[in-house]
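Chemist: Following the numbering used here, the numbering of the sequence shown begins with 500 at its first residue and continues without gaps.
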Amino acid sequence: MTSVLEQHGFKFVNYPGGQEFADTFHFSHAVIVPPNVRTVRVSGQVGIQADGTVPSDITEEANLALDKVTEALNAAGLGEDALEYVFDVTLYFARGLDPAPFVDVVKKRFKNTRPATVGLEVAKLVHPDLHLEIRAVAFYPS
500 MTSVLEQHGF KFVNYPGGQE FADTFHFSHA VIVPPNVRTV RVSGQVGIQA DGTVPSDITE
560 EANLALDKVT EALNAAGLGE DALEYVFDVT LYFARGLDPA PFVDVVKKRF KNTRPATVGL
620 EVAKLVHPDL HLEIRAVAFY PS
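Following this line, the structure appears as structure tokens:
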């Protein structure tokens, strides 16, 4: 299956020998962005609930953070499949977090799009109970 972004001239590539790793973690080693592309840059989003608490389950926290990325993209004018337009993601993980549960969430939520991705381990995030923060860049179709 192909990403919706390929219909807009994006090309997702992996270097020889890197495909298996990219498949495991649902990302691309590089994304070729066509000229004159409008983008939406989403600030870091976290999985804090409306009452100010953080879910104890990392999968729930990851889904909530991605919900907030989606809400930001929706506010910018992208539709319900907004995550499929994300081509660049930066993930900030709290020290010692196993990112495996997050990978499963990404595979489900990003569907056929595999953004260029970087994951960083940080000493702490803005709230002491948080485990991750997500920053994204998405294509903004005309």
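Virtual Cβ for every residue (Gly too), placed ideally from N, Cα, C.
(1) Taking one C-beta from the region 593-606 and one from the region 514-522 each time, how about it: are there three or more such pairs within less than 8 angstroms?
(2) Anyone know if the C-beta pair for Arg537 and Phe638 falls short of 9 angstroms?
(3) Which word fits Gly546, buried or exposed, when buried means at least 16 other C-beta atoms lie within 10 angstroms of its C-beta?
(4) Are Glu560 and Leu629 touching if we call contact CB-CB under 9 angstroms?
(5) Mapping DSSP to helix, strand and coil, what is Glu519?
(6) Run through DSSP, which three-state label would Ile557 get?
(7) Out of Pro598, Thr523, Ala571, point me to the one whose CA is closest to Val621's CA.
Modeler: Checking against the coordinates, here is how it stands:
(1) Under the three-pair Cβ rule at 8 angstroms, the region 593-606 does not count as touching the region 514-522.
(2) Result yes, Cβ atoms of Arg537 and Phe638 sit closer than 9 angstroms.
(3) Flag for Gly546 reads buried.
(4) Taking C-beta atoms as the reference points, Glu560 and Leu629 count as a pair closer than 9 angstroms.
(5) Note: Glu519 maps to helix in three-state DSSP.
(6) Collapsing the DSSP output to three states places Ile557 in a helix.
(7) The option with the nearest alpha carbon to Val621 is Pro598.
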